[in-house]
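S.K.: Chain order of the listed sequences is A and B.
Going by my numbering, the first sequence opens with residue 40, and the numbers climb by one from there.
Going by my numbering, the second sequence opens with residue 40, and the numbers climb by one from there.
Just so you know, even glycine gets a beta-carbon here, dropped at the ideal spot from N, CA and C.
There are 2 protein chains.
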Amino acid sequence: MLDRDVGLDISARLFWERGYEGTSTADLTKAMGINPPTLYSTFGSKEELYRQALDFSIARENSRRSKILQSNLPVYEALSLYLYDIADGDTQPDKPPGCMVSTAVLQHAEENVSVARMTAALREASMQTLKARFDRAVVEGELPVQTDTDTLARFYGAIIQGMSAQACDGACNVRLKRLIDIALTAWPGKLRSSTGNSD
Amino acid sequence: MLDRDVGLDISARLFWERGYEGTSTADLTKAMGINPPTLYSTFGSKEELYRQALDFSIARENSRRSKILQSNLPVYEALSLYLYDIADGDTQPDKPPGCMVSTAVLQHAEENVSVARMTAALREASMQTLKARFDRAVVEGELPVQTDTDTLARFYGAIIQGMSAQACDGACNVRLKRLIDIALTAWPGKLRSSTGNSD
DNA sequence: ATATTTTAATAGGGATCACTATTTTAATGG
DNA sequence: CCATTAAAATAGTGATCCCTATTAAAATAT
Numbered sequence: 040m041l042d043r044d045v046g047l048d049i050s051a052r053l054f055w056e057r058g059y060e061g062t063s064t065a066d067l068t069k070a071m072g073i074n075p076p077t078l079y080s081t082f083g084s085k086e087e088l089y090r091q092a093l094d095f096s097i098a099r100e101n102s103r104r105s106k107i108l109q110s111n112l113p114v115y116e117a118l119s120l121y122l123y124d125i126a127d128g129d130t131q132p133d134k135p136p137g138c139m140v141s142t143a144v145l146q147h148a149e150e151n152v153s154v155a156r157m158t159a160a161l162r163e164a165s166m167q168t169l170k171a172r173f174d175r176a177v178v179e180g181e182l183p184v185q186t187d188t189d190t191l192a193r194f195y196g197a198i199i200q201g202m203s204a205q206a207c208d209g210a211c212n213v214r215l216k217r218l219i220d221i222a223l224t225a226w227p228g229k230l231r232s233s234t235g236n237s238d
Numbered sequence: 040m041l042d043r044d045v046g047l048d049i050s051a052r053l054f055w056e057r058g059y060e061g062t063s064t065a066d067l068t069k070a071m072g073i074n075p076p077t078l079y080s081t082f083g084s085k086e087e088l089y090r091q092a093l094d095f096s097i098a099r100e101n102s103r104r105s106k107i108l109q110s111n112l113p114v115y116e117a118l119s120l121y122l123y124d125i126a127d128g129d130t131q132p133d134k135p136p137g138c139m140v141s142t143a144v145l146q147h148a149e150e151n152v153s154v155a156r157m158t159a160a161l162r163e164a165s166m167q168t169l170k171a172r173f174d175r176a177v178v179e180g181e182l183p184v185q186t187d188t189d190t191l192a193r194f195y196g197a198i199i200q201g202m203s204a205q206a207c208d209g210a211c212n213v214r215l216k217r218l219i220d221i222a223l224t225a226w227p228g229k230l231r232s233s234t235g236n237s238d
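1. Please say whether A92(A) and A143(A) have beta carbons closer to each other than 8 Å?
2. Answer with buried or exposed for R193(B), where buried requires no fewer than 16 other C-beta atoms within 10 angstroms of its C-beta.
3. Could you tell me whether the Cβ atoms of E86(A) and V140(A) are closer together than 8 Å?
4. Residues in its own chain within less than 7 Å of A70(B) by CB, not counting five upstream and five downstream?
5. With DSSP run on the structure shown, which of helix, strand or coil describes L112(A)?
6. Got a sec? Which residues, its chain only, sit under 7 Å from A126(A) by beta carbon, not counting five neighbours each side?
7. To the nearest angstrom, report how far apart S233(A) and L47(B) are at their CA atoms.
8. Using a Cβ-Cβ cut-off of 7 Å (strictly less than) and excluding sequence neighbours within five positions of M166(A), which residues of its own chain qualify?
9. Straight-line CA distance for T64(A) to A176(A)?
10. Leaving out five residues on either side along the sequence, give the residues of the same chain with a beta carbon under 8 Å from the beta carbon of D189(A).
11. To the nearest angstrom, report how far apart Y183(A) and P113(A) are at their CA atoms.
12. Of all the residues that make up the segment 41-60 of chain B, which are near chain A by a beta-carbon distance shorter than 9 Å?
13. Taking just the CA atoms, how far does C138(B) sit from S237(B)?
14. For a contact meaning CB atoms closer than 7 Å, what does F194(A) contact in chain B?
15. What is the residue span of the alpha helix (DSSP H) that V184(B) lies within?
16. In whole angstroms, give me the CA-to-CA distance for A222(B) and F82(A).
17. When we look at the beta-carbon of A159(A) and count the other beta-carbons within 10 Å, is it buried (16 or more) or exposed?
18. State the CB to CB distance for the pair R57(A) and Q146(B), rounded to an integer number of angstroms; the pair is presumed to be in contact (CB under 8 Å).
19. Given that L145(A) touches chain B, what residues does it touch there, using C-beta distances under 7 Å?
20. Looking only at its own chain, which residues have a Cβ that is under 6 Å from the Cβ of E100(B), when we skip the five neighbours before and after it?
21. Does the beta carbon of D187(B) come closer than 8 Å to any beta carbon on chain A?
22. Can you give the Cα-Cα distance for I199(B) and V152(A), rounded to whole angstroms?
23. Residues of chain B with CB closer than 8 Å to the CB of R175(A), please, in chain order.
24. Quick check: what's the CA-CA separation for E150(B) versus G128(B)?
25. Does C207(A) come out as helix, strand or coil in the three-state DSSP assignment?
26. Verify the CB distance criterion: does T190(A) have a CB-CB separation below 8 Å to chain B?
27. Take L78(B) as the anchor and find which of D44(B), P136(B), G209(B) has the nearest alpha-carbon.
28. Give the residues of chain B in contact with V198(A), contact being defined as C-beta atoms less than 7 Å apart.
29. Give the list of continuous alpha helix (DSSP H) stretches no shorter than 4 residues that lie fully inside the segment 130-218 of chain B.
30. If A148(A) and G61(B) are in contact, beta carbons under 8 Å, what's the gap, nearest whole angstrom?
31. Is it right to say S102(B) is buried, meaning 16 or more other beta carbons lie within 10 angstroms of its own, or is it exposed?
32. In the DSSP assignment, find the alpha helix (DSSP H) that holds T81(B) and state where it starts and stops.
33. Note down, in chain order, each residue of its chain lying with its Cβ closer than 6 Å to the Cβ of W55(B), except the 5 sequence neighbours on either side.
34. Assuming contact is defined by CB atoms lying nearer than 8 Å, are A225(B) and T186(A) in contact in what I supplied?
35. Using a beta-carbon distance below 8 Å, is A148(B) in contact with chain A?
36. Using a C-beta to C-beta distance shorter than 8 Å, which residues of chain B count as neighbours of R214(A)?
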């Protein structure tokens, strides 16, 4: 018999490493140690399984990250910790590199439009979460009222996506964090040294 | 008969939109108006065709972009124009969104490792080009000698990758350029307004 | 015009794709 | 112990994957 959460965990890992189109149902059933009919009776279809595996994984990470973001830390501190946590997630030694959502299903066959739309919606949601935190910072006087919080969120969203891509290409933890340190110097009103060197 | 360059252009466009794994040889032969044996006699294999289509496309864009970068404009100006040019490339109305290289083959099936490695090498090369320009800026006194040019290049590389991802998700030209404007405020020694709003 | 070479099209090979109908096994109930 | 239900495995669906052997057409040569 198959424990549902164990199956989702195994599936998520496969999808994470190989992408939606790069993972076959044969890969999935083999890794879960089940037969094809069990996959379909338990999860519905490959697309449904992907959806559930993403939800499952996001739920696990989200509690810690949203705790960081929704804490009453100063917004700049919260953002820093948030980004560092993502850099750590991109480079876990026992997990596939990169982020499961940030750089998933960007290019895709016509038949997988719905899967692409779903992952895009997840990315948009996470940027809206970031924007909401920045809006709160405006309300609380931590950011100037005229701040373009939407663009600011999309800027750090781009950093998150870039980190995921570079992690996929083999970048290590400290390299990503050096990159974050530069991105943080773009924070509105931040004074910076003239070097750009974090050492 | 098939003109080689026309075939590469058509292939590049398909790979660009659907990715390597999302594009089948049947898609390619149909779009080029040829039969399968012609594809293999002309290009060798699907992987070889992808390689050649990438080279073909890169060669076309590279002359303009490397001209911007290697000009004797101040490095900050050159970088700005370079990034804007990429934003334009990510959002051409008659072309697929995003960049053909920046966010390609990040996740992949085991059997496509070599394709992934090739695209990763192209990304690394373009970041090295950026780093080389920054190193020149250090030599010419435009950047402090202690500048971490490698991280700076990878930071703007991340911006380029993030822009490509967001373009794939439907972001328009001006949205990407607003994002660039924030990224440019991270330039070493740059003073910024306290707003983050480019209007 | 016939023979030869070159080029293109058809047809198909072996494997794998996502997914199921059917059978077999196992568990439960009387 | 047998009948019935529930679970799991086998086997196989048609479609599509990348790629080629073979046949048909066209171009060149004698």
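M.R.: Judging by the given coordinates:
1. No.
2. buried
3. no
4. I49, L53
5. Coil at L112(A), not helix or strand.
6. M202, N212, L215, K216, I219
7. For S233(A), the predicted structure reports a pLDDT of 47, less than 50, and the residue's modelled location is therefore unreliable. A value from the coordinates is still provided. Approximately 45 Å between the Cα atoms of the pair.
8. A192, R193, G196
9. 45 Å
10. K170
11. Residue 183(A) is actually Pro in this sequence, not Tyr. So the two alpha carbons sit approximately 14 Å from each other.
12. F54, W55, E56, R57, G58, Y59, E60
13. Reliability of the predicted coordinates at S237(B) is poor, the pLDDT of 39 falling under 50, and no value is obtained from them.
14. L218, I221, A222
15. According to the DSSP assignment, V184(B) belongs to no alpha helix (DSSP H), since it is labelled neither H nor E.
16. Roughly 42 Å separates the two Cα atoms.
17. buried
18. 6 Å
19. G137, T142, A204, C207
20. none
21. For D187(B), at least one C-beta of chain A is nearer than 8 Å to its own C-beta.
22. 24 Å
23. By Cβ distance, chain B contributes nothing, its closest Cβ being about 16 Å from R175(A), past 8 Å.
24. 30 Å
25. helix
26. yes
27. D44(B)
28. Note that residue 198(A) corresponds to Ile in the displayed sequence, not to Val. Residues of chain B passing the Cβ test: A197, G201.
29. 152-178, 188-207
30. 4 Å
31. exposed
32. 75-82
33. P135, M139
34. Contact: no.
35. Answer yes: the Cβ-Cβ gap between A148(B) and chain A drops below 8 Å somewhere.
36. T190, R193
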